[in-house]
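Colleague: Just so we're aligned: the sequence shown equals residues 4 to 220 in my numbering.
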Amino acid sequence: MRLIFLGPPGAGKGTQARVLEERFGAKHVSTGDILRANRTAGTPLGREAEGYMARGELVPDTVIIGMIEHELETCAAGFIMDGFPRTLAQAEAFDALLARRGWDLDAAVLFVADRATLIARLSARWTNPRNGRTYNALSNPPRVAGIDDDDGGPLVQRDDDRAETVATRLAEYEAKTEPLVEYYRRRGQLIAVDGLLAVQDVTRALLGALGLEATSS
Ligand code: AP5
């Protein structure tokens with residue numbers, strides 16, 4: 004399984020990538036999670052990225068491409084790219100990295116959702132910073148508010164989920180990432196999934212579109 008997940012902030016890319024990773028063993032590669040882990044650890048990469056992330060802007064392509072080149076070393080069992088590529092330069096660099104390994108992409112999946120839903124979801128998102136698991140106060144709350152169901156530790160809200168930063172993230176998406184929809188459509192690799200459905204229904208639609216219904220139990 005070699006997939007790219009495309010879509011605006013809050014469309015459900017991370018939620019669905021975690022489901023597929025658990026079911027199929029392909030590695031969930033979230034560039035946002037890798038950057039946040041580096042920021043928390045105070046690495047040079049994290050320090051370089053933090054200003055861009057706090058403003059809701061994209062981190063420079065060279066930083067991201069180097070990071071993905073490194074990640075691909077751990078993706079022999081397949082991958083689900085969550086939040087990468089996000090610019091044309093990243094998509095072209097990714098093509099070259101895959102070609103060098105003789106790897107084909109199965110599909111680029113676009114999760115479609117309207118702006119009002121995205122904003123509502125992000126303002127209600129709670130995350131376990133230890134493993135990236137997300138909850139939603141509206142649609143998928145934890146059993147105890149602010150506490151992870153599994154490890155019992157505290158959940159946090161992402162600082163880039165504040166309304167003004169979300170507006171910048173959406174604008175970045177429209178200007179720099181949306182053109183990739185056409186890029187993959189022209190190559191016959193684009194699959195669009197309705198991201199407004201309930202989480203399990205999005206999973207069902209995704210597996211159906213990928214021709215994986217039989218293994219979806
Ligand atoms: P990143 O962490 O990738 O954020 P994002 O793309 O903005 O995506 P999100 O994580 O906000 O949303 P999602 O689609 O994964 O939704 P989720 O499943 O969590 O990037 C953060 C920053 O890092 C960027 O701004 C940039 O600075 C930098 N960066 C990262 N990658 C980069 C790159 N390639 N190039 C340059 N810079 C980069 O769901 C959202 C909420 O909705 C959750 O609460 C969830 O529980 C809920 N939910 C999910 N699905 C449903 C559903 N079907 N119904 C109801 N609720 C749902």
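By construction, the Cβ of each residue, glycine as well, lies at the ideal position given by its N, Cα and C atoms.
Fair warning: this is a prediction, and the values are worked out from it, not measured in the lab.
(1) Determine, using beta carbons only, whether V202 and T18 come nearer to each other than 8 Å.
(2) Enumerated in chain order, which unbroken segments of the beta strand (DSSP E) with a length of 3 residues or greater are wholly contained in the segment 96-163?
(3) Taking 8 Å as the cut-off, decide whether the C-beta atoms of F114 and G59 are in contact.
(4) For the segment 156-168 and the segment 88-105, state whether three or more C-beta atom pairs, one from each stretch, are separated by less than 8 Å.
(5) Say yes only if the C-beta of A195 is nearer than 7 Å to one or more non-hydrogen atoms of the ligand AP5, and no if none qualify.
(6) Just the C-alpha distance for R5 and A178, rounded to the nearest angstrom, thanks.
(7) Should the segment 31-39 be called in touch with the segment 139-150, which here means at least 3 C-beta pairs below 8 Å?
(8) What does the alpha-carbon distance come out to for the pair L61 and G10?
(9) Do F82 and V22 count as a contact pair if the criterion is CB distance below 8 Å?
(10) If distances are taken between C-alpha atoms only, which option among R50, A57, A80, P88 comes closest to I67?
(11) Evaluate the contact criterion for the segment 201-215 versus the segment 119-126: three or more CB pairs, one atom per stretch, below 8 Å.
(12) Along the beta strand (DSSP E) that carries F87, what are the first and last residues, could you check?
(13) Can you look up R207 in the DSSP assignment and give me helix, strand or coil?
(14) Quick one: what's got a C-beta closer than 8 Å to Y55's C-beta in the same chain, skipping five residues either side?
(15) Reducing DSSP to helix, strand and coil, say where V32 ends up.
(16) Is the beta carbon of Q160 within less than 7 Å of some heavy atom of the ligand AP5?
(17) What is the rounded straight-line gap between the Cα of A29 and the Cα of A80?
(18) Is it buried or exposed for S220, if we count other Cβ within 10 angstroms and need 16 for buried?
(19) When the distance is taken between beta carbons, is A116 closer than 8 Å to G294?
(20) For L158 and A92, I'd like the C-alpha separation in whole angstroms.
(21) My output table needs one value for A195: the three-state DSSP class, helix, strand or coil.
(22) In this structure, how does DSSP classify R165 when only helix, strand and coil are distinguished?
Modeller: Straight from the coordinates:
(1) By 1-based counting over the sequence shown, the position of residue 202 is 199. By 1-based counting over the sequence shown, the position of residue 18 is 15. Cβ distance < 8 Å, so V202 and T18 count as in contact.
(2) Counting only runs of 3 or more, we get 110-115, 128-130, 137-139.
(3) Position 111 of the sequence shown holds residue 114. Position 56 of the sequence shown holds residue 59. At a Cβ-Cβ threshold of 8 Å, F114 and G59 do not count as neighbours.
(4) Because the criterion of three Cβ pairs below 8 Å is not met, the segment 156-168 and the segment 88-105 do not touch.
(5) Locating residue 195 in the sequence shown gives position 192, counting from the first residue. Checking the Cβ of A195 against the ligand AP5 gives no.
(6) Locating residue 5 in the sequence shown gives position 2, where the first residue counts as 1. Locating residue 178 in the sequence shown gives position 175, where the first residue counts as 1. So the two alpha carbons sit approximately 26 Å from each other.
(7) Not touching, per the Cβ criterion.
(8) Stepping through the sequence shown from its first residue, residue 61 is reached at position 58. Stepping through the sequence shown from its first residue, residue 10 is reached at position 7. Each residue's alpha carbon lies about 14 Å from the other.
(9) One-based indexing of the sequence shown puts residue 22 at position 19. One-based indexing of the sequence shown puts residue 82 at position 79. Cβ distance not < 8 Å, so V22 and F82 don't count as in contact.
(10) Walking along the sequence shown from the start, residue 67 turns up at place 64. Of the candidates R50, A57, A80, P88, the one whose C-alpha sits nearest the C-alpha of I67 is P88.
(11) Because the criterion of three Cβ pairs below 8 Å is not met, the segment 201-215 and the segment 119-126 do not touch.
(12) Counting from one through the sequence shown, the residue named residue 87 turns up at place 84. Counting along the chain, F87 sits inside no beta strand (DSSP E), nor does DSSP assign it H or E at all.
(13) Your numbering for residue 207 matches position 204 in the sequence shown. Three-state DSSP puts R207 in a helix.
(14) Counted from its first residue, the sequence shown places residue 55 at position 52. Once the five neighbours on either side are set aside, the close Cβ partners of Y55 are L61, V62, P63.
(15) Looking up residue 32 in the sequence shown gives position 29. Residue state, collapsed to three classes: strand.
(16) Here residue 160 refers to the residue found at position 157 of the sequence shown. Not under cutoff, so the answer is no.
(17) The residue you call residue 29 lines up with position 26 of the sequence shown. The residue you call residue 80 lines up with position 77 of the sequence shown. In a straight line, the C-alpha of A29 is about 6 Å away from that of A80.
(18) Walking along the sequence shown from the start, residue 220 turns up at place 217. For S220, the predicted model reports a pLDDT of 45, less than 50, meaning its position is unreliable and no value from the coordinates is stated.
(19) Absent from the model: residue 294. The displayed extent of the chain is 4 to 220, so no value can be given.
(20) In the sequence shown, residue 158 corresponds to position 155, counting from 1. In the sequence shown, residue 92 corresponds to position 89, counting from 1. Linking L158 to A92 through their CA atoms gives a straight-line distance of about 35 Å.
(21) As a position in the sequence shown, residue 195 is number 192, starting the count at 1. Residue state, collapsed to three classes: strand.
(22) Sequence index remark: in the sequence shown, residue 165 carries index 162 (1-based). Here R165 carries a coil assignment [DSSP, helix/strand/coil].
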